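Per full-length UniProt numbering, the sequence shown starts with residue 1, numbered consecutively. Every residue gets a Cβ at the ideal spot worked out from N, C-alpha and C, and that includes glycine. Keep in mind the model is a prediction, meaning the values are calculated, not measured.
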Amino acid sequence: MDVLSQSFRVLGDTTRLRILRLVAQAPLNVTELVSLVGVAQSSVSHHLSKLKGLGLIREERQAGFTYYSLALETDDTRWPLVRLAREAEDAAGDSARLNDLLRAREDRQALNERLLEPGQSWFLWAGALASLLPPLDVADFGCGTGVFSRALARWARHVWAIDQSEDALAQARAHATRESLTNITFLREDLHRLSLPGGRMDLVVISQSLHHVESPAAVVSEAARLLKPGGRLVVLELLPHEEKWVLERLGHRHLGFAPESLEAALREAGFTSFTRETHARDGASPFRVFLLTGVKPS
1 MDVLSQSFRV LGDTTRLRIL RLVAQAPLNV TELVSLVGVA QSSVSHHLSK
51 LKGLGLIREE RQAGFTYYSL ALETDDTRWP LVRLAREAED AAGDSARLND
101 LLRAREDRQA LNERLLEPGQ SWFLWAGALA SLLPPLDVAD FGCGTGVFSR
151 ALARWARHVW AIDQSEDALA QARAHATRES LTNITFLRED LHRLSLPGGR
201 MDLVVISQSL HHVESPAAVV SEAARLLKPG GRLVVLELLP HEEKWVLERL
251 GHRHLGFAPE SLEAALREAG FTSFTRETHA RDGASPFRVF LLTGVKPS
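Structure follows, in structure tokens:
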């Protein structure tokens with residue numbers, strides 16, 4: 001009864017009721033809630049603290065932001081109170097603004113589906129490719145929707161863009177067609193066991209794909225098999241991190257890599273002449289990336 005009484009008192013504030021109803025519909029961060037309810041950030045944080053203190057909401061850290069969502073189960077004695085709050089008339093128009101916010105969130109992801117993939121760094125790739133002169137035969141391991149494959153195709157002789165996702169490859173093909181790129185072959189294959197003949201590629205790039213595969217060492221060995229003598233492997237990967245949400249949400253199998261461990265895998269696969277560069281953290285992102293290159297001996 002004590003907890004129920006306190007919950008009634010806490011939810012006697014209109015703004016708290018609005019916040020509770022919003023986070024019951026979708027996980028939201030403080031900045032998003034400020035834009036939805038139109039009050040100062042300090043006020044929103046205060047209300048969230050009150051709601052969290054009573055166990056009405058929970059918080060979860062994702063990609064450098066804290067998201068709040070409803071914590072109650074339907075068998076909680078306070079559930080009817082929350083249900084009434086959710087079903088009450090939305091005089092402030094919060095739900096309409098929330099729908100707009102969620103659509104905008106989806107649009108940002110659609111604009112560049114790999115923005116969610118942490119640690120993207122075109123600065124490092126620019127540095128890696130500056131010393132390479134076309135024409136080259138290139139394999140892009142784990143190409144996704146082909147963002148990097150298309151960039152490679154603009155100076156390479158031919159690009160083999162490889163991924164296991166048919167949906168991603170369909171998008172990649174559509175983008176390539178729109179850009180009139182005819183020198184890309186798209187393959188749906190397992191990176192551990194590729195059908196391509198060995199000793200054919202001048203360059204293999206693996207841009208943040210190793211943390212998705214079961215055996216990074218086996219994929220590195222496949223890269224070595226495909227390369228000509230003197231061919232180069234370029235790997236961009238995440239440093240070790242603690243963002244466990246990527247396992248379920250993004251399908252990661254590994255929480256980053258120590259550069260030394262990947263370099264050891266490259267050495268085991270026969271690569272030499274290593275270079276390594278670590279990129280600084282980008283803004284509030286919890287992720288950092290490193291670039292690793294190796295050469296297949298002639």
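Nearest-angstrom Cα separation, counted from residue j out to residue i
| i | j | result |
| --- | --- | --- |
| residue 270 | residue 209 | 20 Å |
| residue 102 | residue 94 | 12 Å |
| residue 287 | residue 193 | 29 Å |
| residue 254 | residue 191 | 16 Å |
| residue 163 | residue 207 | 12 Å |
| residue 138 | residue 202 | 6 Å |
| residue 175 | residue 188 | 16 Å |
| residue 181 | residue 44 | 49 Å |
| residue 297 | residue 229 | 6 Å |
| residue 48 | residue 72 | 15 Å |
| residue 161 | residue 153 | 10 Å |
| residue 183 | residue 247 | 34 Å |
| residue 143 | residue 241 | 23 Å |
| residue 197 | residue 249 | 34 Å |
| residue 15 | residue 218 | 55 Å |
| residue 146 | residue 177 | 12 Å |
| residue 26 | residue 239 | 30 Å |
| residue 216 | residue 293 | 15 Å |
| residue 186 | residue 231 | 21 Å |
| residue 42 | residue 168 | 41 Å |
| residue 260 | residue 96 | 50 Å |
| residue 170 | residue 155 | 23 Å |
| residue 60 | residue 243 | 11 Å |
| residue 323 | residue 13 | For residue 323 there is no data in the structure shown, the boundaries of the chain being 1 and 298. |
| residue 172 | residue 46 | 45 Å |
| residue 268 | residue 55 | 52 Å |
DSSP bridge partner residues for residue i (one or two, in chain order)
| i | result |
| --- | --- |
| residue 62 | 65 |
| residue 268 | According to DSSP, residue 268 bridges with nothing at all. |
| residue 158 | 137 |
| residue 207 | 236 |
| residue 290 | 237 and 278 |
| residue 295 | 232 and 272 |
| residue 70 | 57 |
Three-state secondary structure (DSSP) of residue i
| i | result |
| --- | --- |
| residue 263 | helix |
| residue 244 | coil |
| residue 35 | helix |
| residue 165 | coil |
| residue 253 | coil |
| residue 15 | helix |
| residue 229 | strand |
| residue 186 | strand |
| residue 277 | strand |
| residue 28 | strand |
| residue 101 | helix |
| residue 21 | helix |
Given residue i as reference, the closest of the options once Cα atoms are compared
| i | options | result |
| --- | --- | --- |
| residue 31 | 51, 66, 62 and 17 | 66 |
| residue 98 | 34, 251, 212 and 244 | 34 |
| residue 136 | 159, 72, 259 and 295 | 159 |
| residue 29 | 13, 14, 53 and 57 | 57 |
| residue 39 | 54, 50, 239 and 18 | 18 |
| residue 165 | 213, 42 and 197 | 213 |
| residue 53 | 250, 252, 218 and 68 | 68 |
| residue 36 | 145, 252 and 100 | 100 |
| residue 251 | 218, 260 and 211 | 211 |
| residue 62 | 245, 260 and 264 | 245 |
Integer-rounded CB distance, given that residue j should sit under 8 Å from residue i
| i | j | result |
| --- | --- | --- |
| residue 237 | residue 262 | 6 Å |
| residue 290 | residue 277 | 7 Å |
| residue 200 | residue 226 | 6 Å |
| residue 148 | residue 205 | 7 Å |
| residue 223 | residue 141 | 7 Å |
| residue 304 | residue 150 | An answer regarding residue 304 cannot be provided, because it is not within the stretch 1 to 298 covered by the chain. |
| residue 272 | residue 235 | At roughly 15 Å, the Cβ-Cβ gap does not stay under 8 Å, so residue 272 and residue 235 are not in contact. |
| residue 70 | residue 104 | Wrong, their Cβ atoms sit about 22 Å apart, outside the cutoff. |
| residue 51 | residue 20 | 6 Å |
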